[in-house]
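Notes for the one structure printed next.
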Amino acid sequence: MINCLKYYIVRITMTATLIIQHALHNISLQRFPPFCSSLALIEDDGKYLVVYHRIYKQYTFPGGYVRLHENPAIAVQREIKEEAGLDIVPEYIVGAYENKSGVKSVNVVYKCNTNTGKLLCNYEGKCEWLSEHVFADKLIYHCKEALKDYKENKYSMNNSQV
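In UniProt numbering, the protein residues as written are 1 to 162.
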């Protein structure tokens with residue numbers, strides 16, 4: 001019951017955020033910047049940490065919005081601790097990707113290593129370690145781009161180190 005209530009609170013919050021963002025965008029004559037989020041691409045033993053997003057009905061990499069005046073690398077550590085219960089270390093930036101649906105945001109994707117922690121589930125979605133073939137067709141667009149760039153080694157640690 002509590003998880004169901006939390007789910008609806010998140011859904012209402014996301015809808016309100018979208019409405020507010022559109023209003024600010026229109027009031028500012030389309031000069032209001034997009035929100036920023038930080039996502040973690042974590043690979044361990046051939047499996048990736050993904051979240052099945054109950055609202056979007058797709059898989060995504062775990063992460064969330066960057067708070068005002070917060071460093072995106074710190075934000076990704078905080079978000080992964082909150083969402084998955086894991087302590088992580090961001091290694092390098094894989095890339096920055098536009099969210100093409102819903103709340104407009106720029107998603108900074110970090111290649112991360114996990115240190116410690118027990119994997120948790122929360123009301124936003126189920127975190128799990130999956131092989132790419134299991135989630136590839138259901139991965140949200142900007143995460144597909146990030147995974148492709150990561151696998152092609154398009155960005156190297158030399159030019160995008162955290």
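Beta carbons are placed, not taken as given, at the ideal position from N, Cα and C, and that holds for glycine.
By the beta-carbon neighbour count (other beta carbons within 10 angstroms, threshold 16), I55 is exposed. Between T116 and V94, the alpha-carbon positions lie close to 22 Å from each other. Only residues of its own chain outside the window of five on either side were considered, and among them H53, Y56, Q58, Y59, T60 have a CB closer than 8 Å to the CB of I140, listed in chain order. DSSP lists L41, Y92 as the bridge partner or partners of K111. Taking C-beta atoms under 8 Å as the contact rule, E83 and P62 qualify, at a distance of about 5 Å. Take the alpha-carbon of P33 and the one of K100: they are about 15 Å apart. Taking 8 Å as the cut-off, the beta carbon of H142 is found closer than this to the beta carbon of E98. Counting along the chain, H133 sits inside the alpha helix (DSSP H) bounded by residues 132–135.
Its chain contains D87 as the residues whose beta carbon lies nearer than 7 Å to that of K81, once the 5 sequence neighbours on both sides are disregarded; these appear in chain order. Taking C-beta atoms as the reference points, P72 and V109 fail to come closer than 8 Å. If you look at L49, you'll find it in the beta strand (DSSP E) that goes 47–53. Between K126 and V66, the C-beta gap is not smaller than 8 Å, which leaves the two residues out of contact. Straight across, the Cα-Cα distance linking I19 with L5 is about 21 Å.
The C-beta of Q30 has fewer than 16 other C-beta atoms within 10 Å across all chains shown, which makes the residue exposed. With contacts defined as CB atoms closer than 8 Å, L41 and L147 qualify as a contacting pair. In this model, W129 and I27 are separated by some 43 Å (Cα to Cα). When L49, L24, T17 are compared, the shortest CA-CA separation from A136 is found for L49.
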